[in-house]
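In order, the protein sequence lines correspond to chains A and B.
So in numbering that gives the first Met the number 0 the end of the first sequence lands on 264, straight run, no missing numbers.
So in numbering that gives the first Met the number 0 the end of the second sequence lands on 328, straight run, no missing numbers.
The beta-carbon is built from N, C-alpha and C at its ideal position, and this holds for glycine as well.
Quick caveat, the model's predicted, so the values are computed rather than measured.
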Amino acid sequence: MNIYLHELNGHRKSTVLWTATLVLVVIVFMSIYPAFSKDVTAFKSILEGFPESVRNAIGLEVNQFFSLLGFYSYLFLYIKLLGAIQAMNLGIGIISKEVRDKTADFLLTKPVSRVTILVAKMMAALTCIVLTNVIFLLLTYLIMSYTSTEPFSSKTLFMLSLTLFLLQLLFLSLGFMIAVIVQKIKAVLPISLGVVFMFFLLNLFGSATGDNLLRYLTPFQYVEPMYILRNNSYEPDFLLAGLIVLIVSIVVSYVVYTKKDIPSV
Amino acid sequence: MVKNSMLGSEEKYGNTLKVLVVLSIKRGVDKMNVIEVKNLTKTYGKARGISDVSFNVEQGEVFGFIGPNGAGKSTTIRTLLSLIHPTSGSATIFGKDIIKDSPAIKKDIGYLPSEVFYYENMRVKDLLKYSASFYKKDCGKRMKELAKIMELDLNRKIDDLSLGNKKKVGIVQGLLHEPKLIILDEPTSGLDPLMQHKFFELLEEENKKGATILFSSHILSEVQRLCDRVAIIKEGKIIKLEKISTLKENNYKKIHIETTTEIGKDYFAIEGVTDLVVDRHKVDFLFKGDINTVMKKIATTPIVNIGVEEPDLEEIFMHFYEKEEAYEQ
Numbered sequence: 000m001n002i003y004l005h006e007l008n009g010h011r012k013s014t015v016l017w018t019a020t021l022v023l024v025v026i027v028f029m030s031i032y033p034a035f036s037k038d039v040t041a042f043k044s045i046l047e048g049f050p051e052s053v054r055n056a057i058g059l060e061v062n063q064f065f066s067l068l069g070f071y072s073y074l075f076l077y078i079k080l081l082g083a084i085q086a087m088n089l090g091i092g093i094i095s096k097e098v099r100d101k102t103a104d105f106l107l108t109k110p111v112s113r114v115t116i117l118v119a120k121m122m123a124a125l126t127c128i129v130l131t132n133v134i135f136l137l138l139t140y141l142i143m144s145y146t147s148t149e150p151f152s153s154k155t156l157f158m159l160s161l162t163l164f165l166l167q168l169l170f171l172s173l174g175f176m177i178a179v180i181v182q183k184i185k186a187v188l189p190i191s192l193g194v195v196f197m198f199f200l201l202n203l204f205g206s207a208t209g210d211n212l213l214r215y216l217t218p219f220q221y222v223e224p225m226y227i228l229r230n231n232s233y234e235p236d237f238l239l240a241g242l243i244v245l246i247v248s249i250v251v252s253y254v255v256y257t258k259k260d261i262p263s264v
Numbered sequence: 000m001v002k003n004s005m006l007g008s009e010e011k012y013g014n015t016l017k018v019l020v021v022l023s024i025k026r027g028v029d030k031m032n033v034i035e036v037k038n039l040t041k042t043y044g045k046a047r048g049i050s051d052v053s054f055n056v057e058q059g060e061v062f063g064f065i066g067p068n069g070a071g072k073s074t075t076i077r078t079l080l081s082l083i084h085p086t087s088g089s090a091t092i093f094g095k096d097i098i099k100d101s102p103a104i105k106k107d108i109g110y111l112p113s114e115v116f117y118y119e120n121m122r123v124k125d126l127l128k129y130s131a132s133f134y135k136k137d138c139g140k141r142m143k144e145l146a147k148i149m150e151l152d153l154n155r156k157i158d159d160l161s162l163g164n165k166k167k168v169g170i171v172q173g174l175l176h177e178p179k180l181i182i183l184d185e186p187t188s189g190l191d192p193l194m195q196h197k198f199f200e201l202l203e204e205e206n207k208k209g210a211t212i213l214f215s216s217h218i219l220s221e222v223q224r225l226c227d228r229v230a231i232i233k234e235g236k237i238i239k240l241e242k243i244s245t246l247k248e249n250n251y252k253k254i255h256i257e258t259t260t261e262i263g264k265d266y267f268a269i270e271g272v273t274d275l276v277v278d279r280h281k282v283d284f285l286f287k288g289d290i291n292t293v294m295k296k297i298a299t300t301p302i303v304n305i306g307v308e309e310p311d312l313e314e315i316f317m318h319f320y321e322k323e324e325a326y327e328q
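In structure tokens form, the structure reads like this:
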């Protein structure tokens, strides 16, 4: 419990900052929505001029784009990107911290098992992500209600927003795994940015081509807003894929972390 | 000695003796090995770690672990603390396996590494409290005592501390839970002589209270001052395991002679003489063996001055290392 609280305390500031950033993105985007919806027809003709692959790549379909939730799911691409960076950064950072700051000799010579340490850190990270999502969801709902001129489905909004949490879970667990496998991580941000952008690029390709195999390669594609918007449900195959990624990365993190040699300072 | 006085008291105090016997038997049982290391080997890829290291540390003992940098002192200690895992071999602390029972063992271990690093944005007080929170007892009082002895300001940020002050934090956090086994890995670096002295006094006090100490160092005077027994480690192997007193025992003499005339370089090259240096009228060497043989040799040459000294540990140690190297060549 003491490790959990210590870690939670250490990540308080960054969690607040990330949550604020995510909400700010929603505010900025939604503030231009009223102006957007006024000129529906003019926009429609411009957008239809774009080649289809481009339209697919940026995740919008003309008709849905102008509904409130359609617009939201478009901006959600950027929320997902930011959320992924937050989760990956947190996942790598919280596990590699001891080795990075050379405090491993302190923490790992205390009367606690490595499993306890790992679980405490994972739980602290999970708490940060849950808090981020709860606050994000609440504030987003308020913003949407304020912006909307017509009724919208709160269930769909909830389902769309929940994908942030699912995606963050995946990136968090991938972050854990990277942190235990890479021997010495000097700086967290370059690695997390690198990995997230790699998956993000794959995501853009996946959207553009619609290739299913490619879609399995990037967690970004596991939760597709357009599918949710159309079907009001998640894609079961991809949920399963996500679950597998989650389990594999947690198990690998556990096995490697409990066996690993801590490099001397 | 103890036996004699106890026998003597037998006539006078029959019942008291029984108690004493029971106590002394109990003590004998208690004097178990706190650390038992059996054929511990750790290899890092092709680089050498330690190989086939075996030694025991008895309860209440101050055990020195000496050797130059990179000899494998830290590797051994880090293995004992299960920061790294052995390639082969095993070890127990308090009779428990170092890997399987690691968390239980560590309840009673205080560890001070050679370089200390802590969470930089914390205050000293908070760090120590965090450290104490791992032990299921109240460490607050001991923490304040130790901080006072070591003249450590509890309200400063770790970030702002000098190397020596960080070390003091290390000492306090290593001792605040009153550990039964104190493991120190080259602990004095960064401490000024005054603090070093206080620190050693602290260790001696802990030792008197019953704590066993494993002390690794390359500074022999420290080891000489504190330790009962030493293991000398070289290139990952233990090359000697000896009581400090035995190591310093009279079998080595450091002899310095000034002669009236120049003597031949080989004049003193007899059995038992090592480290022979002849510089015209001056001759220096270490001698081990029957002192009469060397005295006879000296008597047959006119001398102006002679000095016979006990070598200090440093010289024995250097001598030992050089001899090892000579063998290898």
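**Study point:** Residue-level contact to chain B via CB, Leu188 of chain A, 9 Å cutoff
**Key:** no
Point to revise | Inter-stretch contact at 8 Å, needing at least 3 Cβ pairs: the segment 96-109 of chain A / the segment 189-203 of chain A | key: no
Review point. With distances taken between CB atoms, is the gap from Val168 of chain B to Ile182 of chain B smaller than 9 Å?
Key: no
Exercise for review: Compute the beta-carbon to beta-carbon distance between Leu275 of chain B and Pro310 of chain B, rounded to the nearest angstrom, for a pair I have assumed lies under 8 Å.
Suggested key: Not really, about 14 Å apart at Cβ, beyond 8 Å.
Exercise for review: In angstroms with no decimal places, state the Cα-to-Cα distance between Ile45 of chain A and Ser36 of chain A.
Suggested key: 14 Å
Point to revise | 8 Å contact criterion, which Thr74 of chain B and Lys99 of chain B should meet: CB distance rounded | key: Not confirmed; about 20 Å, so no contact.
Practice item. Could you check what DSSP says for Leu275 of chain B in three-state terms: helix, strand or coil? Key: In the structure shown, Leu275 of chain B sits in a strand (DSSP, three-state: E or B).
Check your understanding: Helix, strand or coil: how does DSSP classify Ile94 of chain A here?
Key -> helix
Point to revise | Extent of the continuous alpha helix (DSSP H) to which Asp104 of chain A belongs | key: Asp104 of chain A: member of the alpha helix (DSSP H) spanning 103-106, first to last residue.
Practice item. Anything in the segment 132-161 of chain B with a Cβ closer than 8 Å to a Cβ of chain A? List those residues in chain order, please. Key: Ser132, Phe133, Tyr134
Review point. What does a CB cutoff of less than 6 Å around Leu74 of chain A pick up in its chain, not counting 5 residues either side in sequence?
Key: Counting only Cβ-Cβ distances below 6 Å, and skipping sequence neighbours, we find Phe28.
Practice item. Determine which residues share a DSSP beta bridge with Asp283 of chain B and list them. Key: B:His255, B:Val276
Practice item. Below 8 Å on the Cβ atoms is my guess for Ala230 of chain B versus Leu246 of chain B; work out the distance and round it to an integer in Å. Key: Not quite, the Cβ-Cβ distance comes to about 11 Å (not below 8 Å), so this is no contact.
Review point. Taking buried to mean at least 16 other C-beta atoms within 10 Å of its own C-beta, is Val181 of chain A buried or exposed?
Key: exposed
Review point. In terms of alpha-carbon separation, which member of B:Asp278, B:Tyr129, B:Glu257, B:Ile238 lies closest to Lys264 of chain B?
Key: B:Asp278
Review point. Of all the options B:Ile256, B:Leu175, B:Phe133, B:Arg228, which has the alpha carbon lying nearest to the alpha carbon of Leu340 of chain B?
Key: Only positions 0 to 328 of chain B appear in the structure, and residue 340 of chain B is not among them; the question remains open.
Check your understanding: Would you call the segment 84-96 of chain A and the segment 10-20 of chain A in contact, with 3 or more CB pairs under 8 Å?
Key -> yes
Check your understanding: Would Tyr12 of chain B be called buried (16 or more neighbouring beta carbons within 10 Å of its own) or exposed?
Key -> Here the model assigns Tyr12 of chain B a pLDDT of 49, short of 50, so the residue's position is not dependable, and the following value carries that caveat. With fewer than 16 other Cβ atoms within 10 Å, it is exposed.
Review point. How many angstroms separate the CA atom of Val303 of chain B from the CA atom of Thr258 of chain B?
Key: 6 Å
Check your understanding: Which term fits Glu205 of chain B, buried or exposed, when burial requires 16 or more other beta carbons within 10 angstroms of its beta carbon?
Key -> buried
Check your understanding: By Cβ distance below 8 Å, which residues in the same chain neighbour Val115 of chain B in space, the five residues on each side in sequence not counted?
Key -> Lys165, Lys166, Val168, Gly169
Check your understanding: Can you give the Cα-Cα distance for Cys138 of chain B and Ser132 of chain B, rounded to whole angstroms?
Key -> 9 Å
Practice item. Say whether the segment 147-155 of chain A touches the segment 204-222 of chain A, bearing in mind that this needs 3 or more beta-carbon pairs closer than 8 Å, one atom from each stretch. Key: no
**Study point:** Helix, strand or coil at Lys183 of chain A according to DSSP, with G and I counted as helix
**Key:** Coil at Lys183 of chain A, not helix or strand.
Review point. Mind checking Lys72 of chain B: buried by the 16 CB within 10 Å criterion, or exposed?
Key: buried
Review point. Is DSSP giving Phe237 of chain A helix, strand or coil here?
Key: helix
Point to revise | Whole-number beta carbon distance between Ile92 of chain B and Val33 of chain B, since they are thought to touch under 8 Å | key: 7 Å
Check your understanding: Can you name the residues of chain B whose CB is closer than 8 Å to the CB of Pro101 of chain A?
Key -> Note on identity: in this sequence residue 101 of chain A is Lys, with Pro being the wrong assignment. Result: Glu114, Phe116.
Review point. Quick one: what's got a C-beta closer than 6 Å to Leu136 of chain A's C-beta in the same chain, skipping five residues either side?
Key: Ser160
Practice item. Compile a chain-ordered list of the residues in the segment 70-104 of chain B whose CB is closer than 9 Å to at least one CB of chain A. Key: Answer set for the segment 70-104 of chain B: Ser73, Thr74, Arg77, Leu80, Ser81, Leu82, Ile83, His84, Ser101, Pro102, Ala103, Ile104.
Check your understanding: Is it buried or exposed for Gly44 of chain B, if we count other Cβ within 10 angstroms and need 16 for buried?
Key -> exposed
Review point. At least one CB of chain A closer than 9 Å to the CB of Ser188 of chain B: is that the case?
Key: no
Review point. Would a C-beta distance cut-off of 9 Å place Gly88 of chain B and Val171 of chain B closer than the cut-off?
Key: no
Practice item. Name, in chain order, the residues that DSSP records as bridge partners for Ser215 of chain B. Key: B:Phe64, B:Asp184
Exercise for review: Indicate whether at least one CB of chain A lies closer than 9 Å to the CB of Ser215 of chain B.
Suggested key: no
Review point. So is Asn88 of chain A in contact with chain B if we call contact Cβ pairs under 9 Å?
Key: no
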